[in-house]
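Those letters in the sequence shown? Residues 1 to 698, per full-length UniProt numbering, in order.
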Amino acid sequence: MTALPAANWYTGLGSSTTSTYNSALSSFESDWTTVYGKIRSIIPNARIAGPNETHYDARLMGDFYPWAKAHNVLPDITTWHELDPGSLSHFESNLAAYRTLETNAHISARPVNIDEYGDLSVPGQMIQWMSMFERNKVYAYQAYWDMAGNLDGNVSQTNIPNGDWWLLRWYAGLTGQTVKVTPPQSNVIDTLQGIGSLDKGRKQAQVLLGGGNSGAADTVVQHIPPSFGGRVNVSVERTAWSGYEGAGPTPTVLSRSTRKVGANRTITVPLTGLDPMAAYRIVINPAGSGTPTTADVPWQASYEAENAAITGGTVYTQGSVSNAYGYATSGTKDVGSLNQSTSKVAFTVSVPTTGTYDLNIFYGNQSSQTATPATQNLTVDSGTAKTITYPPTLNWTYRSTVRTPVSLTAGTHTLTLAKGTTGEVTLDKIDLTTSPGQDPVYPATYADITGSPSYDYRASGISGAGAVVLRSGDKAAFDVYAPTDGYYTVHAGYASTGSGTLSHDGATASTLASTSGSLTDRTQILYLSADNNHITAAGPGGGSLTLRDLRVTGTADTSGVTVYEAENATRAGTAAVSSNSWSSGGSYVGHVGNGSGNTLTFQVNTASAGRYVLNVRYANDQVSRSGNYNTNVVSRAANIAVNGTATTVMFRNNYSWSSWWDLPVPVTLNAGTNTITLGNPTAYAPDIDRVSVAPLTG
């Protein structure tokens, strides 16, 4: 089709001059008719959506819909954007106005799809949008902003969840029917909002909530079904904001408790210390025998950079209601321009006990084609400086995080981040958390289910969530997070009268042997990548598997992992070794691909045949061209051939040719020598620093 002169903007539709508006409306209606007819001629039953304005325009909608009905070109789905700073307060009035328009024009109700919205990456903001759309039963898409490859700001690197990913994961895990939720305030920006669900078959109720100010709130749950019994177990979890590119660990369990259901089938769940940028999940199910294990909540404190002692830096205001299109920032301020030799930010912190703490630094580091990681020097009081390295991010305010352990005695200390030898960063805040934190527990009754399992709440178990009973054809799938690559101990708490299995990313990792009905804790050493690991329990062919939970314990152990440097591999064609001080060993191999003969080949030796994890450390900062508001990054592809069998793997842009990310690829290897070749016959593959190979099981 020939490109339309007005493209997709029709700017005259916003004019206050009647003649200008009418001319634009006439053009839009003419173009709509042309495109509508063309689509129908190609796909007669296609669902056509529109008119897709950047906001709800009562004037246009009032003119367009009666005209579209009269000309038999009504959209099947009604769309518009909600991107205004006030959208959280006036969306419902927009929707009501549209429904009134339909009624007055005698148009049957159309599904509504809000096709751009969002305060991306922030769980406490996103839950406000999600609850508003869910309450009004409309569809909605997050805006595609900034760049491709990160699920609209919900995934760090390639497969690492951030804090908002866990909120969406919770939302996807709601089953049954939604129930009415009455917030403290309706249609008010930045207030506590929520979504509730009840699954009578599972005997499970959930509430997702968040937003608003810090403080406390009571969640009153009414009309708990009699099938839940007189006592219920209640768990409360929190997923915190981790930035756009910061890893979001498994949500913190804040409490597990058993509560008596009141005479009016009501319980009250108190929440304290609410974080306005976080979201929370409450899960309620029947209480069985025993008592859920008390949640061991790590001590944590946050310190804003703008409130610290600043030398050679400037405080900037970022995303807020008044700057609604700015990037999310804790406290709406950060510290930048830390580019002087004397630049530093000194935080005064206080910790309750002597020990090791996890220091999580929220930062930004502007990317460019020549960008490198930046460094700062961390000192505790007047101690020895430690270098902190910050990989590039999309821009100065596109937050990521860097974690490092610090040893502190009980009391007050000064943690100083001073300019290092390369680059500069912006600083948002630091979090201090006691280390180690919680051992993650993944209740089986919260897992994704395949088949028709049943649920057993006769015993509370560790989590208080009961158990799922798997039989032939039934599966329960878990998303298991690991902070770093390595081997961990995975525990399966179960009882069975048949032999089930536990698989990791599609490969059988262990057998859950029959216990003749007795409860057991089956342990298996598994290699978990520093991302989201998909672990699935499958029911036995005969009998049943009553699975309570999966638990992950220990710190990452890299014993048994073999590393192969790219510069030591066999190169063909244009593939060449280059120097880079940020790469492993100071060298990498580039110019792989863009021709079938330009390859990099590793000879990998293994003791036994089976499933392995191939970690490819790469860099890719290819961009195609500038866009209106997105950075047009390019994901590079590599064909990875293992003993002659090739698979195409995509490598997301990682902001810098001097920043190296690990991408895990599951592979099946033979005992002895295996040939692994990377290439791409039609385009360049990413630069390769090294690969590592690890058996799936330890």
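Where is the CB? At the ideal position from N, CA and C, for every residue including glycine.
Express the C-alpha separation of residue 252 and residue 429 in angstroms, rounding to a whole number. Locating residue 429 in the sequence shown gives position 429, counting from the first residue. Locating residue 252 in the sequence shown gives position 252, counting from the first residue. Spanning the alpha carbons of residue 429 and residue 252 requires a straight line of approximately 20 Å.
Output the distance between the C-alpha atoms of residue 606 and residue 204, rounded to the nearest integer angstrom. The residue given as residue 606 occupies position 606 in the sequence shown. The residue given as residue 204 occupies position 204 in the sequence shown. A straight-line Cα-Cα distance of about 46 Å links residue 606 and residue 204.
Contacts around residue 1, its chain only, beta-carbon distance under 7 Å, and the 5 residues preceding and following it disregarded: The sequence position of residue 1 within the sequence shown is 1, counting from 1. The predicted position of residue 1 is uncertain, since its pLDDT is 43 and thus under 50; no value can be drawn from it.
When we look at the beta-carbon of residue 44 and count the other beta-carbons within 10 Å, is it buried (16 or more) or exposed? On the sequence shown, position 44 is the one that residue 44 refers to. Residue environment analysis places residue 44 among the exposed positions, since fewer than 16 neighbouring C-beta atoms fall within 10 angstroms of its C-beta.
For residue 278 and residue 235, I'd like the C-alpha separation in whole angstroms. Translated into the one-based positions of the sequence shown, residue 278 becomes position 278. Translated into the one-based positions of the sequence shown, residue 235 becomes position 235. The straight-line gap from Cα to Cα measures roughly 16 Å.
Residues that residue 488 bridges to, as DSSP identifies them: In the sequence shown, the residue the question calls residue 488 occupies position 488. BP columns for residue 488 point to 526.
Might you give, ordered along the chain, the residues of its own chain that have their beta carbon closer than 6 Å to the beta carbon of residue 639, omitting 5 neighbours on each side? Position 639 of the sequence shown, counting from 1, holds the residue named residue 639. Setting aside the 5 residues that flank it on each side, residue 639 is surrounded in the same chain by 646, 648, 679 and 680, each with a C-beta closer than 6 Å to its C-beta; the list follows chain order.
At 3 residues or longer, and completely inside the UniProt domain "CBM6" (562 to 694): list those beta strand (DSSP E) runs for me, N to C. Those beta strand (DSSP E) runs which fall completely within the UniProt domain "CBM6" (562 to 694) and span 3+ residues are 562 to 565, 576 to 579, 587 to 590, 600 to 606, 610 to 619, 623 to 626, 631 to 633, 636 to 642, 645 to 651, 661 to 669 and 672 to 679.
Buried/exposed call for residue 156, threshold 16 Cβ in 10 Å: Translated into positions along the sequence shown, residue 156 becomes position 156. Under this definition residue 156 is a buried residue.
Can at least three beta-carbon pairs, one atom from the region 203 to 221 and one from the region 366 to 377, be found at a separation below 8 Å? Short answer: they don't touch.
For residue 403, verify whether its CB is less than 7 Å away from any heavy atom of the ligand GTP. This structure does not include the ligand GTP; it has no bound ligands of any sort.
CB-CB under 8 Å to residue 20, same chain, minus the five flanking residues each way: which ones, in chain order? One-based indexing of the sequence shown puts residue 20 at position 20. Correct list, in chain order: 12.
State the start and end residues of the unbroken beta strand (DSSP E) segment that holds residue 53. As a position in the sequence shown, residue 53 is number 53, starting the count at 1. For residue 53, the enclosing beta strand (DSSP E) stretches over residues 49 to 53.
Taking the Cβ atom as the reference point for each residue, do residue 327 and residue 397 lie within a distance shorter than 8 Å? One-based indexing of the sequence shown puts residue 327 at position 327. One-based indexing of the sequence shown puts residue 397 at position 397. In this structure, residue 397 lies closer than 8 Å to residue 327 by Cβ.
If you follow the beta strand (DSSP E) that residue 69 is part of, which residue opens it and which one closes it? Counting from 1 along the sequence shown, the entry for residue 69 is found at position 69. That residue, residue 69, is in no beta strand (DSSP E); its alpha helix (DSSP H) goes 58 to 70.
Less than 8 Å separating the beta-carbons of residue 509 and residue 526? To locate residue 509, count along the sequence shown from 1; it is residue 509. To locate residue 526, count along the sequence shown from 1; it is residue 526. Yes, these two residues count as a Cβ contact at 8 Å.
Can you round the beta-carbon distance between residue 560 and residue 695 to whole angstroms, since I take them to be within the 8 Å contact cut? As a working mapping, residue 560 is identified with position 560 in the sequence shown. As a working mapping, residue 695 is identified with position 695 in the sequence shown. Right, the Cβ-Cβ distance comes to about 6 Å (below 8 Å), so this counts as a contact.
Option nearest residue 522 by Cα separation, candidates 194, 500, 303 and 541: Here the question's residue 522 lines up with position 522 in the sequence shown. Comparing Cα-Cα distances from residue 522 to each of 194, 500, 303 and 541, the minimum goes to 500.
Per DSSP, what kind of secondary structure is residue 449 in: helix, strand or coil? The sequence position of residue 449 within the sequence shown is 449, counting from 1. Residue 449: strand per DSSP, three-state reduction.
The beta strand (DSSP E) with residue 256 in it runs from where to where? Translated into positions along the sequence shown, residue 256 becomes position 256. First-last of the beta strand (DSSP E) with residue 256: 252 to 260.
Rounded Cβ spacing between residue 733 and residue 423 (contact assumed at less than 8 Å): Beyond the ends of the chain as shown, which are 1 and 698, falls residue 733; an answer cannot be given.
From 375, 613, 395 and 505, residue whose alpha carbon lies closest to that of residue 386: As a first step, residue 386 is located in the sequence shown; it is residue number 386 there, counting from the start. Nearest neighbour of residue 386 by Cα position, chosen from 375, 613, 395 and 505, turns out to be 375.
Residues of its chain near residue 591, where Cβ-Cβ distance is below 6 Å and the 5 sequence neighbours each way are ignored: The residue labelled residue 591 in the question sits at position 591 within the sequence shown. These residues qualify, in order along the chain: 574, 575 and 576.
Starting from residue 534, trace the alpha helix (DSSP H) both ways and give me its first and last residue. Indexing the sequence shown from 1 puts residue 534 at position 534. Not the alpha helix (DSSP H): residue 534 falls in the beta strand (DSSP E), residues 532 to 538.
What are the residues that DSSP puts in a beta bridge with residue 90? In the sequence shown, the residue the question calls residue 90 occupies position 90. Residue pairing by DSSP leaves residue 90 without any beta bridge partner.
Tell me whether residue 185 is buried or exposed, calling it buried when 16 or more other Cβ atoms sit within 10 Å of its Cβ. Taking the first residue of the sequence shown as 1, we reach residue 185 at position 185. Counting Cβ neighbours within 10 Å, residue 185 comes out exposed, since fewer than 16 surround it.
Whole alpha helix (DSSP H) elements within the region 212 to 250, 4-residue minimum: Segments of the alpha helix (DSSP H) lying fully in the region 212 to 250: there are none.
Check whether the region 468 to 484 touches the region 534 to 547, counting contact only when three or more Cβ pairs, one atom from each stretch, lie closer than 8 Å. Judged by Cβ distances under 8 Å, the region 468 to 484 makes contact with the region 534 to 547, as three or more pairs qualify.
Just how far apart, CA to CA, sit residue 175 and residue 383? The sequence position of residue 175 within the sequence shown is 175, counting from 1. The sequence position of residue 383 within the sequence shown is 383, counting from 1. The straight-line gap from Cα to Cα measures roughly 53 Å.
If I measure Cβ to Cβ from residue 239 and keep anything under 6 Å in the same chain, skipping five residues before and after, which residues do I get? In the sequence shown, residue 239 corresponds to position 239, counting from 1. Same-chain partners within the cutoff: 123, 163, 166, 167, 251 and 279.
Check whether the Cβ atoms of residue 101 and residue 56 lie closer than 8 Å to each other. As a first step, residue 101 is located in the sequence shown; it is residue number 101 there, counting from the start. As a first step, residue 56 is located in the sequence shown; it is residue number 56 there, counting from the start. No, the pair does not count as a contact, with Cβ atoms beyond the cut-off.
Residue 351 to residue 693 span [Cα, whole Å]: On the sequence shown, residue 351 is found 351 positions in, with the first residue counted as 1. On the sequence shown, residue 693 is found 693 positions in, with the first residue counted as 1. Going from the Cα of residue 351 to the Cα of residue 693 covers about 40 Å.
Give the C-beta separation of residue 207 and residue 219 to the nearest angstrom, bearing in mind that I take them to be a contact with Cβ-Cβ under 8 Å. Looking up residue 207 in the sequence shown gives position 207. Looking up residue 219 in the sequence shown gives position 219. Between residue 219 and residue 207 the Cβ distance is about 6 Å, and since that is below 8 Å, they are a contact.
Near residue 395, what residues of its chain come up, given a Cβ to Cβ distance below 8 Å and the 5 sequence neighbours on each side ignored? Looking up residue 395 in the sequence shown gives position 395. Answer for residue 395: 327, 364, 366 and 367, listed in chain order.
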